[in-house]
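Protein chains: 2
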Amino acid sequence: MPDKSKRSVSPVRSTQPVMWLLALLGRKWTLRVLWELRDQRLSFRALQARCDDISPSVLNRRLKELKTAMIIDHNGLGYGYTQLGSELGAQLLNLNDWAAKWSVEMEALR
Amino acid sequence: MPDKSKRSVSPVRSTQPVMWLLALLGRKWTLRVLWELRDQRLSFRALQARCDDISPSVLNRRLKELKTAMIIDHNGLGYGYTQLGSELGAQLLNLNDWAAKWSVEMEALR
DNA sequence: ATCTTATGCTACTATTTTGGTAGCGTCAAC
DNA sequence: GTTGACGCTACCAAAATAGTAGCATAAGAT
Chain A
0 MPDKSKRSVS PVRSTQPVMW LLALLGRKWT LRVLWELRDQ RLSFRALQAR CDDISPSVLN
60 RRLKELKTAM IIDHNGLGYG YTQLGSELGA QLLNLNDWAA KWSVEMEALR
Chain B
0 MPDKSKRSVS PVRSTQPVMW LLALLGRKWT LRVLWELRDQ RLSFRALQAR CDDISPSVLN
60 RRLKELKTAM IIDHNGLGYG YTQLGSELGA QLLNLNDWAA KWSVEMEALR
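Protein sequence lines correspond, in order, to chains A and B. 0 is the number of the first residue of the first sequence in numbering that gives the first Met the number 0; add one for each residue after it. 0 is the number of the first residue of the second sequence in numbering that gives the first Met the number 0; add one for each residue after it.
Here you go:
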């Protein structure tokens, strides 16, 4: 039986998925890769070029992780979001809006 | 509407803030720290405990970075979001919704 | 006063992750 | 059959993170 203590629904079970996600996104280059794929599919080498010439070994690791997580896939047109992943990608666009506002605030206080 | 064609205005200037943000969030533990602060202020040691006993040296670096970015601050009640940062924190809550859906999909395909 | 407890760290070394370079196998065009 | 693009893999160097110890300060209890 799963955990019965304290909370009626297991707190572990309810927060684990987001923990996995945060760990995945928290690896270097993961967010950047997802950002670069925001509105187009890209080949391995095109991605590499856009990501400040990230080393192929790391890029490949990140792509494997994202494929395993079913956030991206790979076809003849290159790497891109899966249907599921695209909903996550949409949230990254929101980050851009926040960042724009943020930079204005930061500039104002320099 | 913002530019949608070929980046008529400086592409560097328009994407730099989000690049900084992605680099910041892409460091290990940064997202997790922000997640743990989502609905309460926490002391250094309380944060450490919640973040799987992250080493104090790394935690301190992350906190410094986030303070410099004016996303969090520190007062007598511990570390917590600034007004600006809380809008970013709100987006992390959305990540949780996505992650919940994601885990269901992943389970279904195992 | 002093003993305990909590806080917010810093210093140091070990381990893990990432970076950088070279190069291979496949394919398609020329 | 040579050239170029692609998607890698292997290898070692460099950088980031983990892990442990411990210090200084302050508040509260004895």
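Beta carbons: idealized from backbone N, C-alpha and C, even for Gly. In this text, all values refer to a predicted model and were calculated from it rather than measured experimentally.
Give the interface partners of residue i over in chain A, defined as CB-CB distance under 7 Å, in chain order.
i, result
"residue 95 of chain B", "17"
Could you work out which residues of chain A lie near residue i, taking near to mean beta carbons separated by less than 8 Å?
i, result
"residue 31 of chain B", "18, 21, 22 and 25"
To the nearest angstrom, report how far apart residue i and residue j are at their CA atoms.
i, j, result
"residue 10 of chain B", "residue 37 of chain A", "Low local confidence applies: a pLDDT of 46 at residue 10 of chain B is under 50, so the model's placement there is unreliable, with the coordinate-based value given in what follows. Rounded to whole angstroms, residue 10 of chain B to residue 37 of chain A spans 15 Å at the Cα level."
"residue 52 of chain A", "residue 26 of chain B", "18 Å"
"residue 101 of chain B", "residue 33 of chain A", "16 Å"
"residue 91 of chain A", "residue 76 of chain B", "31 Å"
"residue 95 of chain B", "residue 18 of chain B", "22 Å"
"residue 50 of chain A", "residue 44 of chain B", "36 Å"
"residue 39 of chain B", "residue 80 of chain A", "34 Å"
"residue 71 of chain B", "residue 109 of chain A", "17 Å"
"residue 42 of chain A", "residue 21 of chain A", "25 Å"
"residue 78 of chain B", "residue 64 of chain B", "13 Å"
"residue 54 of chain B", "residue 60 of chain B", "10 Å"
"residue 15 of chain A", "residue 67 of chain A", "17 Å"
"residue 98 of chain B", "residue 87 of chain A", "9 Å"
"residue 89 of chain B", "residue 104 of chain B", "24 Å"
"residue 46 of chain B", "residue 83 of chain B", "21 Å"
"residue 106 of chain B", "residue 58 of chain A", "26 Å"
"residue 13 of chain A", "residue 48 of chain A", "38 Å"
"residue 69 of chain A", "residue 56 of chain A", "20 Å"
"residue 74 of chain B", "residue 74 of chain A", "51 Å"
"residue 28 of chain A", "residue 35 of chain A", "10 Å"
"residue 93 of chain A", "residue 62 of chain B", "23 Å"
"residue 23 of chain B", "residue 30 of chain B", "9 Å"
"residue 85 of chain A", "residue 85 of chain B", "25 Å"
### Task
Using a Cβ-Cβ cut-off of less than 7 Å, give me the residues of the region 77 to 104 of chain A that come near chain B, in sequence order.
From the region 77 to 104 of chain A, only 83, 86, 87, 90, 93, 94, 95, 97, 98, 99, 101, 102 and 104 have a Cβ closer than 7 Å to chain B.
### Task
Could you tell me which uninterrupted beta strand (DSSP E) segments, each at least 3 residues in length, are contained entirely in the region 36 to 81 of chain A, listed from first to last along the chain?
Within the region 36 to 81 of chain A, the complete beta strand (DSSP E) runs of at least 3 residues are 71 to 74 and 77 to 80.
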